[in-house]
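The numbers in the sequence shown follow numbering that gives the first Met the number 0, run straight up by one, and end at 215.
Cβ atoms here follow ideal geometry from the backbone N, Cα and C, with glycine treated the same way.
Predicted model, so just to flag it, every value in this text is computed and none were measured.
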Amino acid sequence: MNDIITVCGIVATEPRHLVTETGIAITSLRLASPSRRWDRASAAWVNGTTNWYTVTAFRSLASNVFKSLKKGDRIVVAGRVRIRTWERDGRGGTSVEIDADGIGHDLAWGISNWVRVPRQVNDPSTGHGSTQQVDLRTGEIGAGALPTAPDHTDLDAAATSGPAEEAPDAGYEDPALAGPAVDTPPHHGAPGLDEHDVPDAHDDDPVGSSAVRDAA
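This is the structure:
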């Protein structure tokens with residue numbers, strides 16, 4: 000599936016990072032996308048469902064995500080969506096994964112300072128390309144061939160490999176996290192991430208899968 004999806008949410012686990020034997024950087028995290036709406040009948044905020052995603056970034060994006068994000072950050076993610084079904088110990092469900100093309104802080108909730116990272120275009124963790132340098136001041140690529148577009152085909156196995164996602168424990172409740180609402184009063188109480196219990200790890204994680212180490 001090559002459908003592109005954009006999701007706003009909260010980083011629910013600390014980003015997990017590794018570099019494969021072939022030099023490909025991979026970072027994975029869990030993203031909680033909550034819903035919250037104003038109930039006119041009760042004149043109060045009510046919690047909706049929370050959608051969960053496994054987000055995976057590769058190469059330079061993976062390195063920058065690992066250095067920039069932490070649990071609790073509000074972010075925006077855009078990338079290719081994958082929907083898989085799983086079954087384990089008599090339980091089953093559906094997991095939604097995003098192979099990220101871009102990730103950034105959600106500036107509706109805070110401020111962020113962007114810093115350019117100088118790198119060589121032929122850095123194995125950033126993809127295929129020429130050996131030209133990126134100008135730190137202008138961001139322009141030096142004279143010579145432009146880098147080719149990243150080839151994600153060798154990463155498909157890495158993004159989908161690993162054990163199926165484990166279902167939540169019995170009695171587990173999704174965190175009712177606040178999110179921007181449409182057609183709502185300008186002021187409201189928005190519970191923060193620290194008020195809710197979210198998982199610190201997940202099984203369906205390419206970073207935790209031994210198959211990733213054999214990728215490419």
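* Assign THR5 to buried or exposed, taking buried as 16 or more other Cβ atoms, counted over all protein chains shown, within 10 Å of its Cβ. => If you number the sequence shown from 1, residue 5 lands on position 6. Classification of THR5: exposed, given that the 10 Å Cβ count is below 16.
* Close-in-space but distant-in-sequence residues of the same chain around LEU30 (CB under 6 Å, 5 per side omitted) -> In the sequence shown, the residue the question calls residue 30 occupies position 31. Same-chain partners within the cutoff: GLY8, TYR52, VAL54.
* **For LEU17, the three-state DSSP class (helix, strand or coil)** => In the sequence shown, counting from the first residue as 1, residue 17 sits at position 18. In the structure shown, LEU17 sits in a strand (DSSP, three-state: E or B).
* Asked: Between VAL80 and ALA99, what straight-line distance do the alpha-carbon atoms span, to the nearest angstrom?
  -> Within the sequence shown, numbered from 1, the residue matching residue 80 stands at position 81. Within the sequence shown, numbered from 1, the residue matching residue 99 stands at position 100. One C-alpha to the other measures close to 9 Å.
* Contacts around LEU258, its chain only, beta-carbon distance under 6 Å, and the 5 residues preceding and following it disregarded -> Examination of residue 258 is not possible in this model, given that the chain is present from 0 through 215 alone.
* Segments assigned alpha helix (DSSP H), at least 4 residues, entirely inside the stretch 23–69 -> 58–67
* Nearest-angstrom Cβ-Cβ length linking THR38 and ARG73, presumed shorter than 8 Å -> Looking up residue 38 in the sequence shown gives position 39. Looking up residue 73 in the sequence shown gives position 74. The residue you asked about is not Thr; residue 38 is Asp in the sequence shown. Contact check for ASP38 and ARG73: beta-carbon distance about 24 Å, past the 8 Å limit, so the pair fails to qualify.
* If we count Cβ pairs, one from each stretch, closer than 8 Å, do we get three or more for the stretch 106–117 versus the stretch 41–52? -> no
* Host beta strand (DSSP E) of ARG87 (start-end) -> Position 88 of the sequence shown, counting from 1, holds the residue named residue 87. Note, ARG87: beta strand (DSSP E), 73–87.
* Asked: Anyone know if the C-beta pair for GLY222 and ILE97 falls short of 8 Å?
  -> In this structure the chain extends from 0 to 215, so residue 222 is not present and cannot be described.
* Asked: Closest by CA to SER221, which one among ARG115, ILE23, THR84, GLY89?
  -> This structure cannot settle anything about residue 221, because the visible part of the chain is limited to 0 through 215.
* Classify THR216 as helix, strand or coil using the three-state DSSP reduction. => As shown, the chain starts at 0 and ends at 215. That puts residue 216 outside it, with no answer to give.
* Asked: Exposed or buried, THR48, counting other C-beta atoms within 10 Å across all chains shown (16 or more means buried)?
  -> For the purposes of this step, residue 48 is taken as residue 49 along the sequence shown, with counting starting at 1. THR48 should be labelled exposed.
* **Beta-ladder partner(s) of ARG115, from DSSP** => Within the sequence shown, the letter at position 116 stands for residue 115. Paired residue(s): none; ARG115 is not in a bridge.
* GLY109 - DSSP class collapsed to helix/strand/coil -> As a first step, residue 109 must be located in the sequence shown, where it is residue number 110. In this structure, GLY109 counts as coil in the three-state DSSP scheme.
* First and last residue of the beta strand (DSSP E) that includes ASP98? -> Along the sequence shown, one-based indexing puts residue 98 at 99. DSSP places ASP98 inside the beta strand (DSSP E), whose first and last residues are 90–104.
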